[in-house]
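Enquirer: Shown below is the structure under consideration.
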Amino acid sequence: MQDIKTIRNELNDLRKKIRYHNKKYYNDDSPEISDHEYDQLMQRLKQIESEYPEFITSTSPTQLVGGKAKRTAGKLVPHDVPMLSLQDVFTREEVADFVNSMIDKLDSPEFVVEEKIDGLSLALRYVDGILTQAITRGDGINQGEDVTENARVINDVVEELIDKLNYFEIRGEVYMTRKNFELVNARQELLDLKIFANPRNCAAGSLRQLDSRIVRERNLSMFVFNLQKVDGINLESHSAAYEFMKRNGIKVIHNYKICKTANEVLAAIDEIGKTRGDLEYDIDGAVVKINSFDQREQLGATSKFPRWAIAYKYPPEEKATILRKIELSVGRTGRITPTAIFDPIYLCGTKVERATLHNQDFIDELDIRIGDTIIVYKSGEIIPKIKAVDKSKRPKDSKAYKFGENCPACGQKIERLDNAVDYRCVNPNCPAQIENHIINFAGRTAMDIKGLGAIAIHNLIEKNFLKSIVDIYKLKNFRQELIDAGILGKDKNTDKILLAIEESKKNDPAKLLTGFGIFGIGSAAARELMKNFGSIDKIAKATEEELIAVPDLGEISVKQIKNFFNDEINLKMLAELKNLGVEFNGQCVMGNGQLTGKTFALTGTLENFTRDEAKKLIEDHGGKVTGSVSKKTDFVIAGENPGSKLQKANELNIKILNEEEFKNLMKI
């Protein structure tokens, strides 16, 4: 038997881990472990607390619901009806026990079995048949976030009911289809933005956006799964409520089954399990709930769960197969990603023959080799993962797998920078990266070519007008072809963009240097380099000793600069740009220099400036903007909904400016 101290230590450790992962899942929309791994932690905590109930505390994760409501998309509003979570069960025996206990307690109960959608809970409130408010789960008990404007742009959200009830509140799950998820992530990678881990994270992050246009672009969907409260009609059961909702155009969980015995419930769960791989969205289990509202009222709820429902979590499905090859691909940012190609297997009803291997470290950790028997699984998510290697079946002539030295797309050297997990191709002319490279070059923080956005660049590349950044300045030679093809619009818009391209030749060379996309060289570093050397040519000829003397340039950045300017392809590109009239000379414009030597950090949302605009304004006046707060920071500019930087600034007694104080400082 364990001693009390050991038990307390394990309890504290489990609670700490679960709180951390709750925050990552509910508040940050970026979980770090799978649902199955989380469930195992929670099951162990529940087991200990059941054996030692004297150690249960009111703040234990087993006693709380959901996450903390955030002021991201809107104001916080109180719940009319608590948005509780469901009691999870993991075995068929637990399901049968629940059903049989309900049969013992209630008079001929009916059970509804339906899919448990993996998304973000949302309550919709209708007054006199009109949608008035949409609220996230928040803390589940007291309050959630008002995301009404974002909910209005979800196609499945009905704004006006046929039946004008006095009050009608329903609860559903906002989700993203796997197809739309892939489209969003493709766009995120194209713009060098954060890649979402799974559709649930993407849906949750989208719904909490401040800009409803982003929500509309991401094509969210919604299923309604519960009637929360109604005034104006008598609905006696869950199934009756579903029928009423369907008559009013509301999309409810489809293919639900009404059952009366444990065997019928288990059969319905099995049927959902067999079809989950064929669905266009992710589910993370099956829900079993009492159909009658009167019987639900009779059973009531604990502080966390309704007593009238459970959620059955499917066990992770895993199978063994043979790894036949490892395929390396190059992302639009140059990251080398290995993919396992293996003999086809079926998981959750779908054929699987590929899975990501993440990076060289992951391959080394599992010691994965071509020819190995690998264990592939799906745990709640549709994305297949490799769990382990069965080394007892390893071929005798197997060899450890290494990436090699050259990019699979362009053949140039790949590099792994210090403290990084990924290998990257640092050749900016690599064909796999060219679209992202040109988008960066034309973007606001670099050459800022108005009108030449991501969609236009994609179409220009697709039609073979662009193969490198040099080709941007040759587009004027194809004016009529561009107009005929309609890629940049009609005559007027095409001419407007071509003029913006010509005007960009006169830009401060620091913008050009930023646009080259040298790893680690952003706008601030580019400005410092131009301030110290005065021309692109002099930077190209600078020694490592001269470069390292530039403020805030480290050894890694210096190495990347030298590699860039020593590359023959890049030297040819520079010569072409110069011949085309792009400005290479001139000290970096520093405004009136009133902020020279001052370091700023930005946090929260500013009303009158974007983050990039505020940063540029500071840099134009000689200041510097950093991504973190330290003792070297002089000012923190805090907008609405500030983050952890504000707390850090207070701890370090750093001057905090609101937007008005910032404008006064800049005399604008």
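Following my numbering, the numbering of the sequence shown begins with 60 at its first residue and continues without gaps. Cβ coordinates follow ideal geometry from the N, Cα and C atoms, glycine included.
Taking all protein chains shown into account, decide if arginine 130 is buried (16 or more other Cβ within 10 angstroms of its Cβ) or exposed.
Expert: The predicted position of arginine 130 is uncertain, since its pLDDT is 42 and thus under 50; a value taken from the coordinates is nonetheless stated next. Its Cβ having fewer than 16 others within 10 Å, arginine 130 is exposed.
Enquirer: Using 10 angstroms around the beta-carbon of threonine 392, count the other beta-carbons present and answer buried if the total reaches 16, otherwise exposed.
Expert: Buried is the call here.
Enquirer: With DSSP as the reference, please indicate the residues paired to asparagine 644 in a beta bridge.
Expert: According to DSSP, asparagine 644 bridges with Ser594.
Enquirer: Start and end of the alpha helix (DSSP H) containing glutamate 69?
Expert: Taken as a continuous stretch (DSSP letters only), the alpha helix (DSSP H) holding glutamate 69 covers 63–81.
Enquirer: To the nearest angstrom, how far is it from the Cα of lysine 305 to the Cα of glutamate 204?
Expert: Each residue's Cα considered, the two are about 27 Å apart.
Enquirer: What residue range is occupied by the uninterrupted alpha helix (DSSP H) comprising alanine 491?
Expert: Taken as a continuous stretch (DSSP letters only), alanine 491 belongs to no alpha helix (DSSP H), as it is neither H nor E.
Enquirer: Please classify serine 280: does DSSP put it in a helix, a strand, or coil?
Expert: In the structure shown, serine 280 sits in a strand (DSSP, three-state: E or B).
Enquirer: Give a yes or no on whether the C-beta atoms belonging to serine 180 and arginine 230 are separated by under 8 Å.
Expert: Yes, the pair counts as a contact, with Cβ atoms nearer than the cut-off.
Enquirer: Only counting the same chain, and skipping five residues up and downstream in sequence, which positions put a Cβ closer than 8 Å to that of aspartate 671?
Expert: Cβ neighbours of aspartate 671 beyond the five flanking positions: Arg503, Thr504.
Enquirer: Considering only the beta carbon of each residue, do leucine 653 and histidine 680 sit closer than 8 Å?
Expert: Strictly speaking, residue 653 in this sequence is glutamine, with leucine absent from that position. Going by C-beta atoms, glutamine 653 is nearer than 8 Å to histidine 680.
Enquirer: Using DSSP bridges, identify the partner residues of leucine 190.
Expert: For leucine 190, which the question treats as bridged, DSSP gives the partners Tyr185.
Enquirer: Check each candidate in Lys372, Lys565, Val186, Asn418 and name the one with the smallest Cα separation from valine 217.
Expert: Of Lys372, Lys565, Val186, Asn418, the residue nearest in Cα terms is Val186.
Enquirer: Please say whether lysine 683 and valine 695 have beta carbons closer to each other than 8 Å?
Expert: No, Cβ-Cβ distance for valine 695 and lysine 683 is not below 8 Å.
Enquirer: Any idea what DSSP makes of arginine 103, helix, strand or coil?
Expert: In this structure, arginine 103 counts as helix in the three-state DSSP scheme.
Enquirer: Measure the C-alpha to C-alpha separation of threonine 320 and proline 168 and round it to an integer number of angstroms.
Expert: Spanning the two alpha carbons is a distance of roughly 9 Å.
Enquirer: Hey, could you find the ends of the beta strand (DSSP E) valine 136 is sitting in?
Expert: That run of the beta strand (DSSP E) goes 135–137.
Enquirer: With DSSP run on the structure shown, which of helix, strand or coil describes arginine 428?
Expert: Of the three classes helix, strand and coil, the one that applies to arginine 428 here is coil, per DSSP.
Enquirer: Any Cβ of chain C within less than 8 Å of the Cβ of arginine 78?
Expert: Included in the structure is just one protein chain, with no chain C present.
Enquirer: Phenylalanine 575 to lysine 446, Cα distance in whole Å?
Expert: Taking the straight line joining both Cα atoms gives about 40 Å.
Enquirer: Return yes when the Cβ of serine 265 is within less than 8 Å of the Cβ of leucine 279, no when it is not.
Expert: Their beta carbons are under 8 Å apart, which means leucine 279 touches serine 265 by this criterion.
Enquirer: Could you tell me the alpha carbon to alpha carbon distance between serine 298 and aspartate 166, rounded to whole angstroms?
Expert: If I take the Cα positions, the gap works out to 18 Å.
Enquirer: Taking just the CA atoms, how far does proline 374 sit from threonine 150?
Expert: C-alpha separation (whole angstroms): 9 Å.
Enquirer: Does DSSP classify threonine 361 as helix, strand or coil?
Expert: In the structure shown, threonine 361 sits in coil (DSSP, three-state: anything other than H, G, I, E or B).
Enquirer: Within the same chain, show all residues whose beta-carbon is closer than 8 Å to that of aspartate 449, passing over the 5 residues directly before and after it, in chain order.
Expert: The answer, listed in chain order, is Ala379, Asp431, Thr432, Ile433, Ile434.
Enquirer: Determine the closest residue to leucine 100 out of Pro112, Glu113, Arg74, Tyr482, with distance taken between C-alpha atoms.
Expert: Nearest of Pro112, Glu113, Arg74, Tyr482 to leucine 100, Cα basis: Arg74.
Enquirer: Are the segment 638–645 and the segment 556–567 touching, with three or more C-beta to C-beta distances below 8 Å?
Expert: Touching, yes.
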